[in-house]
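Everything in the first sequence is counted per the numbering used here, starting at 434 for the first residue and increasing by one.
Remarks on the structure that follows.
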Amino acid sequence: MKTTSIKQPTNDPVVNIVLDTLEKNKQALVFVNAKRSAEKVAEDIARFLRKSKSKQNNELADEILHALPKPTKQCEKLAEVVLYEIAFHHAGLTSKQKELIEDNFRAGKIKIICCTPTLAAGIDTPAYRTIIRDLKRFGVRGYTYIPVLEYLQMSGRAGRPRYDTEGQSIVITTTESEKEAVVEKYVNGEPEDIVSKLAVEPVLRTYILSLIASEFVATKKQLVNFFSKTFWAHQFEDMERLEKIIDRMIRTLEDFEFIETKKSDFVSADEINDEKLKATEIGKRIAQLYIDPLTAHNFIESIRKSGVNKPSSFGLLQIISYSLEIRPRLSIKAKDHNDYTSMAVEYTDELLVPEPQMFEPEYDDFIDSIKTAHFFSEWIEEKDDEYLLEKFDVRPGESRAKLEIANWLLYANEELAKLTAHPLFAREVSKLRVRLKYGAKEELLSLLRLREIGRVRARLLFNNSIKDLGDVKKVDFMKLKQLLGENIAKIVKEQVGEKVEEIKETKRKGQTSLGKFSKKGLNKGS
DNA sequence: GGACGGTGAAACTTCAGGTTGCCTC
DNA sequence: GAAGTTTCACCGTCC
434 MKTTSIKQPT NDPVVNIVLD TLEKNKQALV FVNAKRSAEK VAEDIARFLR
484 KSKSKQNNEL ADEILHALPK PTKQCEKLAE VVLYEIAFHH AGLTSKQKEL
534 IEDNFRAGKI KIICCTPTLA AGIDTPAYRT IIRDLKRFGV RGYTYIPVLE
584 YLQMSGRAGR PRYDTEGQSI VITTTESEKE AVVEKYVNGE PEDIVSKLAV
634 EPVLRTYILS LIASEFVATK KQLVNFFSKT FWAHQFEDME RLEKIIDRMI
684 RTLEDFEFIE TKKSDFVSAD EINDEKLKAT EIGKRIAQLY IDPLTAHNFI
734 ESIRKSGVNK PSSFGLLQII SYSLEIRPRL SIKAKDHNDY TSMAVEYTDE
784 LLVPEPQMFE PEYDDFIDSI KTAHFFSEWI EEKDDEYLLE KFDVRPGESR
834 AKLEIANWLL YANEELAKLT AHPLFAREVS KLRVRLKYGA KEELLSLLRL
884 REIGRVRARL LFNNSIKDLG DVKKVDFMKL KQLLGENIAK IVKEQVGEKV
934 EEIKETKRKG QTSLGKFSKK GLNKGS
């Protein structure tokens, strides 16, 4: 192994290697184990460069800063370091920001990205070096070494054939013994075996229901036969125990009334212990919705509990926040434990799931679900990203991802409510989905039906006494134009059946950013 | 003497991400 | 387990 010496202008080895990379006019990825660390390392590097480098990337920084209607602290931080051709990258960024950073790294306008493992998989980037600061990460078993496979993923980002003829992967260690351990485990070690993910109950339940519902299998024997050919069975080896697990799953699905079973009528020797399996109507729908049957069962129980009463939005949000699919939930921090236990009490009449006692093991999940539901309800009360970031430590990228899952789960609730003849429940869920999509109060629902109108514009209209579609129709075009700009105002007016005179081309200058919208909007309309 | 600011040690707190799935005027 | 943040005691400075 060749050794290289690197100048030591700072006492931070990561910064030193980064500076060396920049001196060679190359690019690098720095991998760390936490979002906060990614941001801090980027800032540390930028702080050092501030002395020696003039600002660049002004336009890019501006674009990053305004990726959201209102910049958050995160946007500001990112925009600031980007000026020095440094960036951080993790799941908390908006997809727009992630894209901008990846593209500009490829274009060479960003030299260094400090990132969590978001960038470890799949992306082809011109990094000459990967600098791996952390090989340990906090997981279910505490603070432990990451799998060799992941190390290989990260190192594999360096020296991509399209961009370089060679690449370097550098691991930072602090002691000689740590260095030896890393070389043995990661550099000279073997990657772990791949493990089947089918063995987990929620996954198994889902697939069994799906196989039955799609009529891919019609009997228990066929089902067992199918699983015997999977990688799971190959690893598990003990087919008898596996059959028992499958049998237990079948009984569960039967109890939930998602499938029906019947002993075979024609008792040929072959079928004697076999069972016919058929999905019920509701079972079929659940398989289509692709949610865990247990989740579906819980949803249905909640819908029944609600009965003919109108469910509250908090109640609905808590149902989905308690499901497995929403995980990881927002977790209770030491300082807000009391707040959420009392919130659980406060909302107890609205809750539609059975509440565990404080000493039961499920209580932690339950109280986390209260916090998660609270997070969603703040969003639909029109709180902005900065507020959510400060109050819940949830970054814009993460909240978008959560909202998308929440929407899917609410959709499942809506469908299940329809199938079980609870139209009022279905209607409330439907309204809530729109509110969740836009992050808006109920009073804006009417305006949100308009194309090109989201929470910001709807609020603007509402606060100017334009509160529903009738008001939109009545209001003077000039006033609407003042509020929304000419193009949007026109699109909006057209949607309520009002013709607006053609806008002259010459009037359009200064509206390039809206140009994109209006074009899309008009195409949709015609 | 007291307000204020800077410093550093001690005490807390928190800790990756990706995949599916549905509908849509 | 360790990085990052917050808290708090301590000290020097200034008015």
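Every residue, glycine too, gets a C-beta built ideally from N, C-alpha and C.
Note that the structure is predicted; figures quoted are calculated from it, not measured.
- Taken through DSSP and simplified to helix, strand or coil, S470 comes out as helix.
- When C-alpha distances from E848 are compared across F792, E837, A729, F910, the shortest belongs to A729.
- Excluding five sequence positions before and after T853, the CB atoms of its chain that fall closer than 8 angstroms to its own CB belong to I715, I733, I736, R737, given in chain order.
- The DSSP-derived three-state label of K709 is strand.
- The C-alpha of K900 is placed about 15 angstroms away from the C-alpha of A922.
- Comparing alpha-carbon positions, the option among L585, D567, G575 lying closest to I605 turns out to be D567.
- In the DSSP assignment, A859 falls within the alpha helix (DSSP H) that extends over 856–871.
- The C-beta of E599 has fewer than 16 other C-beta atoms within 10 Å across all chains shown, which makes the residue exposed.
- By the C-beta criterion, the stretch 457–474 is judged to be in contact with the stretch 559–578, since at least 3 inter-stretch pairs fall below 8 angstroms.
- DSSP, read as helix, strand or coil, puts R888 in helix.
- An exposed status is given to R760, since fewer than 16 other beta-carbon atoms sit within 10 Å of its beta-carbon.
- Contact check for L913 against K932 fails: the beta carbons are separated by 8 angstroms or more.
- For I838, the uninterrupted alpha helix (DSSP H) segment begins and ends at 829–852.
- Judged by DSSP secondary structure, I545 falls outside any alpha helix (DSSP H) and instead within the beta strand (DSSP E) spanning 545–548.
- Nearest neighbour of P502 by Cα position, chosen from P442, H855, V889, L511, turns out to be V889.
- Where V616 is concerned, there is no enclosing beta strand (DSSP E), because DSSP gives it neither an H nor an E.
- Remark: C-beta atoms of G748 and E783 approach each other more closely than 8 angstroms.
- Exclusion of the five residues before and after A806 leaves F747, L750, Q751, S754 as the residues of its chain whose Cβ lies within less than 7 angstroms of its Cβ.
- Within the DSSP bridge table, the entry for R562 names A461, Q601 as partners.
- In the DSSP assignment, K531 falls within the alpha helix (DSSP H) that extends over 528–539.
- A check of alpha carbon separations from E456 across K440, G589, L857 identifies K440 as the nearest.
- Proximity to V448 across F858, A651, C547 peaks at C547, based on C-alpha coordinates.
- In the structure shown, E693 falls within a strand segment according to DSSP collapsed to helix, strand and coil.
- Contact annotation: the stretch 527–540 does not touch the stretch 566–586, with fewer than three C-beta pairs closer than 8 angstroms.
- Scanning its chain for C-beta atoms nearer than 8 angstroms, with the 5 sequence neighbours on each side dropped, one finds around E831 the residues A524, G525, in chain order.
- CA-CA distance, D801 to L757, rounds to 12 angstroms.
- A residue is called buried once 16 or more other Cβ atoms fall within 10 Å of its Cβ, and K766, having fewer, is exposed.
- Per the C-alpha coordinates, the member of R570, N490, L582 positioned closest to D626 is L582.
- Inter-residue distance for E496 and G918 is about 21 angstroms (C-alpha atoms, whole angstroms).
- Per the Cβ contact rule, the stretch 686–693 is not in contact with the stretch 650–660 (fewer than 3 Cβ pairs under 8 angstroms).
- The beta carbon of K743 sits closer than 7 angstroms to the beta carbons of L857, E861 from its chain, once the five residues preceding and following it are set aside; these are given in chain order.
- For the options H522, P624, K654, Y844, the alpha carbon positioned closest to that of E476 is the one of H522.
- Comparing alpha carbon positions, the residue from Y619, P789, F664, F691 closest to S643 is F691.
- Beta-carbon to beta-carbon, I813 and M776 are separated by about 16 angstroms, too far to satisfy the 8 angstroms threshold.
- In this structure V905 is buried. Its beta-carbon is surrounded by 16 or more other beta-carbon atoms within 10 angstroms.
- Classified as buried, Q586 has 16 or more neighbouring CB atoms from the shown chains inside 10 Å of its CB.
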